[in-house]
Amino acid sequence: MKKLNYNQSNADHTLFFKHFSSRGVTVLLVYVDDIIITGNDEGEIQSLSNCLAQEVAVTTLGRLKYFLGIEVAHSSKGIFISQRKYITDLLAETGKFACKPANTPIDPNQKLLSISSQFMHQPKECNLHAAYRVLHYLKGTVGKGVLFKRSGKVEVEMFTDADYASSTIDRRSTSGHLTFVGGNLLLWVKNSLDELQVPLFSPMKIYCDNKSAINLVHNPVQHDRTKHVEIDRHFIKEKLEANVICISYISTNNQLADMLTKGISGTQL
0 MKKLNYNQSN ADHTLFFKHF SSRGVTVLLV YVDDIIITGN DEGEIQSLSN
50 CLAQEVAVTT LGRLKYFLGI EVAHSSKGIF ISQRKYITDL LAETGKFACK
100 PANTPIDPNQ KLLSISSQFM HQPKECNLHA AYRVLHYLKG TVGKGVLFKR
150 SGKVEVEMFT DADYASSTID RRSTSGHLTF VGGNLLLWVK NSLDELQVPL
200 FSPMKIYCDN KSAINLVHNP VQHDRTKHVE IDRHFIKEKL EANVICISYI
250 STNNQLADML TKGISGTQL
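Here our numbering is used: the first residue of the sequence shown is 0, the next is one more, and so on.
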């Protein structure tokens, strides 16, 4: 790819991109022997495909429809992705195809773990029931997915939440965040957006339901009792002062990231 003057992303080493004049860009994403090519220059996309075909055996499958268990559907409204086939195969494999759907993936009375898979070596019955609960939840989401709407204005918004010292094993905290770009749910992609030269028209909005944390970040006075977070605060305050981010309060009832830190009721979900 470098021989073709493509740059490797620092944010995602499987991502390669090339910029042209008049804001043109072509992007290639590779996973083992599966490759996605996209961009806003059809001629460059075809040229890249031809160059790859000269180096390795290539099978062109046309417009993206399926990638790593994700089904992709295109429409005038945008791109809709789902995992219908993956979920149905998983339910059939585990004998849960005819199970009763659950409204939430976890019981509201259960606590989340601070470290993933820490009971894999010696699972207990409660761990098995928790796994079954996820399958029951997936049963009710077979026809659902995520719609990435077409949007001319790119705005980054984030919802962040933490459940302080909630782990019953080691008293560690559980945190989670959801990031939206142009109203579409994505992973954290700030560095990728910079590399692809996607313009942001406003500071990234971070929504937090903890007023004390917001006041602490905006407070220019340093206190001895906050020295244990002093380094992190400096980083956040620098981004605030540089107008890269802005932090706003949101009520707990409207905090979307709440579902990532604790079990919630079906009504909230």
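Every residue, glycine too, gets a C-beta built ideally from N, C-alpha and C.
Pick out whichever of 96, 13 and 84 has its Cα sitting closest to the Cα of residue 68.
Taking each of 96, 13 and 84 in turn and checking the Cα distance to residue 68, the smallest one comes out for 84.
Do you know offhand how far residue 63's Cα is from residue 32's?
15 angstroms
Is residue 64 helix, strand or coil by DSSP?
coil
Paired residues, beta bridge with residue 70 - DSSP:
65 and 81
Looking at the secondary structure, which residues open and close the beta strand (DSSP E) in which residue 207 lies?
Here the beta strand (DSSP E) through residue 207 covers 203 to 207.
Where DSSP assigns a beta bridge to residue 245, which residues make up the other side?
204
At the level of alpha carbons, what is the spacing between residue 149 and residue 255?
22 angstroms
Residue interval of the beta strand (DSSP E) (run including residue 144):
144 to 148
Can you tell me the Cα-Cα spacing of residue 100 and residue 158, whole angstroms?
27 angstroms
Inspect the beta-carbon positions of residue 137 and residue 199 and report whether they are closer than 9 angstroms.
no
Any idea if residue 180 is buried or exposed, counting beta-carbon neighbours within 10 angstroms, 16 or more meaning buried?
buried
Go through its chain and collect everything with a Cβ distance to residue 160's Cβ below 8 angstroms, but skip five positions before and after it.
174, 175, 176, 207, 208, 254, 256, 257, 259 and 260
Just confirm the distance between the C-beta atoms of residue 134 and residue 76, as a whole number of angstroms; I'd bet it's less than 8 angstroms.
That belief does not hold up - the Cβ atoms of residue 134 and residue 76 are roughly 31 angstroms apart, past 8 angstroms.
Judging by CA-CA distance, which residue of 50, 201 and 36 is the nearest neighbour of residue 243?
201
Report back the beta-carbon spacing between residue 23 and residue 40 to the nearest angstrom; my notes put them in contact at under 8 angstroms.
5 angstroms
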